[in-house]
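Below is one structure; the comments refer to it alone.
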Amino acid sequence: MWIWAISVALIVVLLSQRYWEDRLPGWLGRVRDVPWRWYLVGFPSTVVRIRWTWRKLCTNADLTVTNRPRQAVVGGDFLVKATALRPIPPRLGLPRATGNGLTVRVHLHPGQTPAPFMAASEALAHAWRVHSARVVSPRRGEVLITATARDPLADGAGRLPVRPVRVLAALVGRIENGAAWEIDFRQVPHWLVVGATQSGKSTLLAALVGQLAPQPVAVVGIDCKGGMELSLFEARLSALACNRREASGLLGGLVIEAEHRMAECRAAGVRSIWELGEDVRPVPIVILVDEIAELYLTDGSRDARQEAAECSTALLRLAQLGAALGLHLVVAGQRVGSELGPGVTALRAQLGGRICHRVNDEATAEMALGDLSPDAVMVAQSIGEDEQGVAVTTIGGHWLRARSTLTTTDQARRTAVLHAKNTPVLPGLVHAIGTGGSSA
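In this text, residue positions in the sequence shown follow my numbering: the first is 15, and each later residue adds one.
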């Protein structure tokens, strides 16, 4: 009797969650963020479904083995191949709940490989009634299946986890397994971001600046579309170049800044600014480049070609030297292809972080993700027009789908003004914008 009463009470609490969760006092905020409905109802029912369908699923997806031979000689003249009547599925481990799904290990029989299980990931998702199932092989003889209960990238799929962020790390959205999407420049110093118009590229940059704004970090911008995009954050930018001539000067000033930092590290006998004392360590600088093609395309004139060459050389030097010197690049563009010149191809090789939103052509997706995984290119091309902010990105050597946090124009402007007092003053870079980078 008591069990039924408790069960009914839990169901009532879960069904009314949307009405009471926002009224919890602040000290119970963590309780509100716990996915109680999944832990108490969704997870148990999914485990039952997994156990109930496992044998039939393995049989239909050809994931079983048999102790009897699959072929036999009949009459001494014929070799007959047949399907075993008693297939044996691999042993299923104990499912473990996660915040938005579960993980379960499968122990393979001798002779089995992970490949058929990876190919059957779609069948697993349909049989278990989950959003997706990803299969990896963490060790020999077993596979790990990670099931995601619902699409965490869909609107209203849950709150973004809030946790402490170290300097040069930014929580910009959510990845497909429900975890926070973090861009950490200390781990991956440079990033390439591609995406068509209205794909969410600008939203990602806004989320990134919003996360960096409270930190002791200098942010400089290059926006050759007259500053239309990055001028929203001008109150928090230490310098902003709005055309290619100014960009050439700013990049030249950054190269000189890099040389000064190299000299400081050499004099101190260290290999990185992070080994310097806090009292002498120069401020980290994040360089945002919006629409990279504008730096490389020319009208054929001598001056235009020279400016483009200067920008290309400076960007490549910053990408090669900047990681240890606290200089980090975020290069964004709608179209990034080899037709822009060999400088773009060389620059791409130095940008370890990749983010590909919806694109209009396969070449751009190939340029961003082709050297990582052919599957990632296909997934990026499947992003629809209604999936603004969704992208394919690199996380820990693997690719995942992710979605950036929506940041409106007003939110971006207010964030920049709110944290304007944190803007480091870099007069050398401001001066370099107007003088062609002759000083820093």
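We put the CB at the ideal spot given by N, CA and C, even for glycine.
The structure presented is a predicted model; accordingly, all values stated were derived computationally and were not measured.
With DSSP collapsed to three states, give me the class of residue i.
i	result
I64	helix
I159	strand
D389	helix
C72	helix
T437	coil
R250	helix
T407	strand
R153	strand
G172	The pLDDT assigned to G172 is 47, lower than 50, so where the model puts this residue is not dependable, and the model offers no usable value.
S418	strand
W41	Residue confidence for W41 is low, a pLDDT of 48 falling below 50, so the modelled location carries little weight and cannot support an answer.
S146	strand
R164	coil
D237	strand
I447	helix
T423	helix
A377	helix
L138	helix
T112	strand
G347	strand
L77	coil
G367	strand
T359	helix
R372	coil
V55	helix
L354	helix
Whole-angstrom Cβ separation of residue i and residue j, contact assumed at under 8 Å?
i	j	result
R341	L219	Note that residue 341 is Leu in the sequence shown, not Arg. Their Cβ separation, rounded to whole angstroms, is 18 Å, which puts L341 and L219 out of contact at 8 Å.
D198	L222	Not really, about 12 Å apart at Cβ, beyond 8 Å.
L339	H204	With 8 Å as the limit, L339 and H204 do not qualify as a contact, their Cβ atoms being about 12 Å apart.
T162	E190	7 Å
N114	W52	7 Å
V269	L332	7 Å
A337	V297	With a Cβ gap of about 16 Å, A337 and V297 do not count as contacting.
H123	P152	Not really, about 18 Å apart at Cβ, beyond 8 Å.
L386	A394	Not confirmed; about 11 Å, so no contact.
For a quick check, are the C-beta atoms of residue i and residue j less than 8 Å apart?
i	j	result
L443	L264	yes
G214	H371	yes
C256	L309	no
D304	A346	yes
M392	R362	no
R349	T378	yes
G403	T217	yes
D165	H140	no
A75	A134	yes
I102	T80	yes
L226	A282	no
V284	V344	no
T160	T117	yes
G367	V202	yes
L246	R110	no
G187	T419	yes
I409	E260	no
H121	R250	no
I369	A405	yes
Would you kindly work out how many angstroms separate the C-alpha atoms of residue i and residue j, rounded to a whole number?
i	j	result
Q334	L414	26 Å
E248	G107	54 Å
P438	A253	10 Å
S396	G314	37 Å
H445	C325	17 Å
R280	A194	38 Å
R258	E321	7 Å
G209	A390	14 Å
I287	R275	8 Å
A307	E156	46 Å
G291	P230	15 Å
A416	R316	42 Å
A137	R200	39 Å
G357	L167	35 Å
A318	L329	17 Å
P58	W142	12 Å
V55	C72	25 Å
V62	L77	20 Å
R119	R69	15 Å
T359	G266	20 Å
T422	L244	13 Å
A289	R180	What sits at residue 289 in the sequence shown is Glu, not Ala. Spanning the two alpha carbons is a distance of roughly 16 Å.
G125	E399	44 Å
V207	G411	17 Å
G172	T112	With a pLDDT of only 47 at G172, under the threshold of 50, the placement of this residue in the model should not be trusted; the figure read from the coordinates follows. Roughly 14 Å between the two C-alpha positions.
Check your understanding: Which residue spans inside the segment 180–224 form an unbroken beta strand (DSSP E) run of at least 3?
Key -> 183–189, 194–198 and 205–208
Point to revise | Whole runs of the beta strand (DSSP E) within the segment 258–330, excluding any shorter than 3 residues | key: 299–304
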